[in-house]
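**Q** Per my numbering, the very first residue in the sequence shown carries number 843; after that it's consecutive. In this text, a Cβ means the ideal position worked out from N, Cα and C, and glycines have one as well.
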Amino acid sequence: MSSEAIERIRLAQERRKRLAAVRHVLVQKAEEVAESIPGRPADFGRSALRNVLEVAKAEPHPLLVRAFVQYQAGREEKKWTETRLADALLNALDEVWKMSAGDKGTTGQDEAMDRVRVFLGYLCRAERYVPKAEAPSREKRR
């Protein structure tokens, strides 16, 4: 194996260690965000968060994920603003990104995206356990 390949493996191992060291912080942040958006409709949240996670898996930079959340909030303003999901999510994404910038040894945007993806994955899981408002019955909608 070449010395370049060995160096890439070593760097990847270090990157995984740094991510493992902050997983507990990412879980706590995800739980905080999930709990900060109570009263949202029962049918909203899970798919919206999954869509954000899918975008994060495909995009190379946290700002692109942030732009997608802003786009979704503008497109479906009532759902995203009444539940405060957009604000909570944007603030959390900023914190996760800044957390990456402050760590020694991080390699920049790739590592920041690793953390954003892990955070969003935990948020999707945490969201399932937070009580939601009951969906309005058909009689109330009329």
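Enumerate in chain order the residues of its own chain whose CB-to-CB distance from His-903 is below 6 angstroms, with the five nearest sequence positions on each side excluded.
**A** Mapped onto the sequence shown, residue 903 falls at position 61. Once the five neighbours on either side are set aside, the close Cβ partners of His-903 are Gln-951.
**Q** Pro-902 by DSSP, collapsed to three states: which one?
**A** As a working mapping, residue 902 is identified with position 60 in the sequence shown. If DSSP states are grouped into helix, strand and coil, Pro-902 belongs with coil.
**Q** First and last residue of the alpha helix (DSSP H) that includes Gly-950?
**A** For the purposes of this step, residue 950 is identified with residue 108 of the sequence shown, where counting begins at 1. Segment: none, Gly-950 is in no alpha helix (DSSP H) and carries neither H nor E.
**Q** Glu-924 lies in the alpha helix (DSSP H); which residues open and close that run?
**A** If you number the sequence shown from 1, residue 924 lands on position 82. 919-924 is the span of the alpha helix (DSSP H), which, as asked, contains Glu-924.
**Q** Pick from Ala-968, Leu-891, Lys-920, Arg-967: whose alpha carbon is nearest that of Leu-932?
**A** Translated into positions along the sequence shown, residue 932 becomes position 90. Checking every option, the nearest Cα to that of Leu-932 belongs to Leu-891.
**Q** Under three-state DSSP, which class holds Ser-844?
**A** Within the sequence shown, residue 844 is the residue found at index 2, counting from 1. Correct three-state label for Ser-844: coil.
**Q** Does the beta-carbon of Thr-986 have 16 or more other beta-carbons within 10 angstroms, so that it is buried, or is it exposed?
**A** With the chain running from 843 to 984 in the structure shown, residue 986 is simply not present.
**Q** For Leu-935, collect the residues of the same chain with a Cβ closer than 6 angstroms to its Cβ; drop the 5 residues on either side in sequence, then sort them by chain order.
**A** For the purposes of this step, residue 935 is identified with residue 93 of the sequence shown, where counting begins at 1. Closer than 6 angstroms at Cβ, skipping near neighbours: Arg-908.
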